[in-house]
């Protein structure tokens, strides 16, 4: 298995632009998570899906953030409009229903909003 | 409030030394605890997963212990190598909800040749 695949690896955009981050989870994993990592706050859970359905989006910072999972093999995290304070590394992770199995993380997308 | 703390934030040791990284958590009602490694600019790699019923897990030179009652876990690295240099994070999965997972901020380890 290729693991969790995220794209792009790096994104530099201007303030006010729309940004879309993409994630392909591991096949067969029922759960998909979006995390944001910053130096100040560490890893924060933004939203997670179970069987393509959003379960908890309480970590999404504001209405400018939205996430979708149209099928079991693809998810997007969109920021519109982007702001400099959104600059961070965004990780996607997936795991199966069995809580005894570890999370698997993607390599992340480093977002810089100028 | 369910929190995870890792101290120290950074650690520098000479090659060959045995070392211990610490993780503490505020609520003993945990389902499991996972240790990750993160290399600069990379994602998180799972190292060890300890279930709440277990006391320790071992993988190669790594040994993770868990003491729920005291709210502590340690990651022991034997005979450290420069290649062990990375940030190590612990993540606690709490009881009472599949995705109540809290990450520590990590300990940045540097092993000096």
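Chains as they are written, first to last, in the working numbering: chain X, 1 to 114; chain S, 1001 to 1113.
We put the beta carbon where it would ideally sit given N, CA and C, even for glycine.
Nothing here was measured: the structure is a model prediction, and the numbers come from that model.
When burial is assigned at 16 or more other CB atoms within 10 Å of the CB, is residue 1043/S buried or exposed?
-> buried
State the DSSP-derived secondary structure class of residue 42/X, mapped to helix, strand or coil.
-> strand
Can the beta-carbon of residue 1024/S be found less than 7 Å from the beta-carbon of residue 1005/S?
-> yes
Listed in chain order, which residues of the region 1042 to 1063 of chain S have Cβ atoms closer than 7 Å to some Cβ of chain X?
-> 1042, 1043, 1044, 1046, 1049 and 1051
Give a yes or no on whether 7 Å exceeds the smallest Cβ distance from residue 43/X to chain S.
-> Cβ-Cβ to chain S under 7 Å: yes for residue 43/X.
CB contact flag (residue 69/X, residue 46/X, <7 Å) | no
Close-in-space but distant-in-sequence residues of the same chain around residue 1111/S (CB under 7 Å, 5 per side omitted) = 1013, 1015, 1080, 1081, 1082, 1084 and 1085
Please list the segments of the beta strand (DSSP E) lying wholly inside the region 68 to 107 of chain X, counting only runs of 3 or more residues, in order along the chain.
-> 74 to 79 and 88 to 95
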